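Visitor: Heads up: the sequence shown runs through residues 0 to 132, numbered per numbering that gives the first Met the number 0.
Note that the Cβ used here is the ideal one computed from N, Cα and C, for glycine as well.
In this text the structure is predicted, and so the values were computed from the model without any measurement.
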Amino acid sequence: MILAAICGTLAGEYNYQVNMLPYFDVAMLQTYLDVDPASARGEHLMDAGRIVFSEGSHLDLQHSMGFMDTETWCVAPVTTRNLDGNSTMPAVVDFWAIGKNCCTGSTGGDFRCGSLLTQICLQLLRSDMRDAV
Numbered sequence: 000m001i002l003a004a005i006c007g008t009l010a011g012e013y014n015y016q017v018n019m020l021p022y023f024d025v026a027m028l029q030t031y032l033d034v035d036p037a038s039a040r041g042e043h044l045m046d047a048g049r050i051v052f053s054e055g056s057h058l059d060l061q062h063s064m065g066f067m068d069t070e071t072w073c074v075a076p077v078t079t080r081n082l083d084g085n086s087t088m089p090a091v092v093d094f095w096a097i098g099k100n101c102c103t104g105s106t107g108g109d110f111r112c113g114s115l116l117t118q119i120c121l122q123l124l125r126s127d128m129r130d131a132v
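#1: Under three-state DSSP, which class holds Cys73?
#2: Assess, as a yes-or-no matter, whether the region 91-99 is touched by the region 66-76 under the definition of 3 or more beta carbon pairs within less than 8 Å.
#3: Return the CA-CA distance between Met67 and His43, expressed in angstroms with no decimal places.
#4: Quick check: what's the CA-CA separation for Met19 versus Leu9?
#5: Run through the DSSP bridge pairs and tell me what Phe66 is partnered with.
#6: Which residues bound the beta strand (DSSP E) around Thr30?
#7: Assuming Ala4 is part of the alpha helix (DSSP H), what are its boundary residues?
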């Protein structure tokens, strides 16, 4: 009986840490809709758990790049298109798509992290990775 109680407690703690805690981390943060990456400032959205970018927002793959350490970290700026269809690159880019081991580590166009068609970006929530961004 004691063994069952110990195993149940350990399984419950594991389930909470792996499945429930990440959900609660996102659920307690704000959702921002229709965010224009050309005009919005990242410092105003520091409490975001989910950001839905405005229509016309996209990943500028020409300015994507990777950094290879033990793993390959890949980034691509989130920008908007102007009337002629070209990317509008602001002076400061506050919104980035980040992935791990989904590019070659070179610059310009080989970012293959997740779905490139989605308008939703999740904020990096893992505390051990916050210093990387």
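Guide: Short version:
#1: strand
#2: yes
#3: 30 Å
#4: 15 Å
#5: Trp72
#6: 29-34
#7: 1-14
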